[in-house]
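Here the sequence shown is numbered in my numbering, starting from -4 and rising by one per residue.
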Amino acid sequence: MPSAEHYVRKHDPGQPQRRVTRVPKFISRMRVTRGNERRAVACVLLAVVAVVAAASYDRERLEIAKQILEEVPLTDGHNDLPWNIRKFLRNQINEFELDTDLTQVEPWSISKYSHTDLPRLRQGMVGAQVSFA
-4 MPSAEHYVRK HDPGQPQRRV TRVPKFISRM RVTRGNERRA VACVLLAVVA VVAAASYDRE
56 RLEIAKQILE EVPLTDGHND LPWNIRKFLR NQINEFELDT DLTQVEPWSI SKYSHTDLPR
116 LRQGMVGAQV SFA
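The structure is reproduced here in C-alpha cells:
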C-alpha cells in the first residue's frame, strides 16, 4: 500500500520552510458524489471505531493472560540458552550474566536465537524453565 510522502517545499528567503504531505494518487482520485457524503463519513467512523475496539480487546486479553499466569505458573520446556552459551562463550558458564538485559549485550543482542535473560523471563511471567543436557 502506498504511503504519504513528506517533503520540504521550496520557500521564499525569510519565510520558514513548510513540510508538505503528498497524498497517494489513489486517494486523490477518490470522489464522493452528492448524496454519498453520509455513507463516506459513516465508513470512516466505522473504521475508527473498529481500530479503537480492537486495541481495547487486545488490552483485555492481555489482562486475562496476566491473571492466568499469576495463578498458574508457565513452565517453558524449550530454550536455546544452553546452545548459545556453548556457541558464544565456549561453555564458559562463569562468564554468563543471566541477570543482565542481554538485548543490550553483544553477541546476544544480534542473535535471533537468544531470548533468555532474567528480566525477560520475569516480564513474561515464566514460572519455571526446564532444560535438558
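Virtual Cβ for every residue (Gly too), placed ideally from N, Cα, C. In this text the structure is predicted, and so the values were computed from the model without any measurement.
**OP:** Could you spell out the range, first to last residue, of the beta strand (DSSP E) harbouring residue 69?
**Re:** On the sequence shown, position 74 is the one that residue 69 refers to. Residue 69 -> beta strand (DSSP E) spans 69 to 71.
Original post:
In this structure, does DSSP put residue 100 in helix, strand or coil?
Top reply: As a first step, residue 100 must be located in the sequence shown, where it is residue number 105. Reduced to three states, the DSSP call for residue 100 is coil.
Original post:
Which residues share a DSSP beta bridge with residue 124?
Top reply: Here residue 124 refers to the residue found at position 129 of the sequence shown. Note: residue 124 sits in a beta bridge opposite 71.
**OP:** Compute the Euclidean distance between the alpha carbons of residue 150 and residue 52, then round it to the nearest angstrom.
**Re:** With the chain covering -4 to 128 only, the question about residue 150 has no answer from this structure.
**OP:** Give the secondary structure of residue 108 by DSSP, where H, G and I count as helix, E and B as strand, and everything else as coil.
**Re:** By 1-based counting over the sequence shown, the position of residue 108 is 113. Residue 108 falls in the coil class under three-state DSSP.
Original post:
For the alpha helix (DSSP H) that residue 66 lies in, which residues bound it at each end?
Top reply: Here the question's residue 66 lines up with position 71 in the sequence shown. Per DSSP, residue 66 belongs to the alpha helix (DSSP H) from 32 to 66.
**OP:** Specify, as a first and last residue, the run of the alpha helix (DSSP H) that residue 85 falls within.
**Re:** Stepping through the sequence shown from its first residue, residue 85 is reached at position 90. Counting along the chain, residue 85 falls outside any alpha helix (DSSP H), and DSSP gives it neither H nor E.
Subject >> C-beta contact flag for residue 104 and residue 93 at 8 Å >> reply: Sequence index remark: in the sequence shown, residue 104 carries index 109 (1-based). Sequence index remark: in the sequence shown, residue 93 carries index 98 (1-based). No, these two residues do not count as a Cβ contact at 8 Å.
**OP:** Pull up the CB-CB distance for residue 126 and residue 74, whole angstroms please, since I reckon it's below 8 Å.
**Re:** To locate residue 126, count along the sequence shown from 1; it is residue 131. To locate residue 74, count along the sequence shown from 1; it is residue 79. The pair is a contact, with the Cβ atoms about 6 Å apart (cut-off 8 Å).
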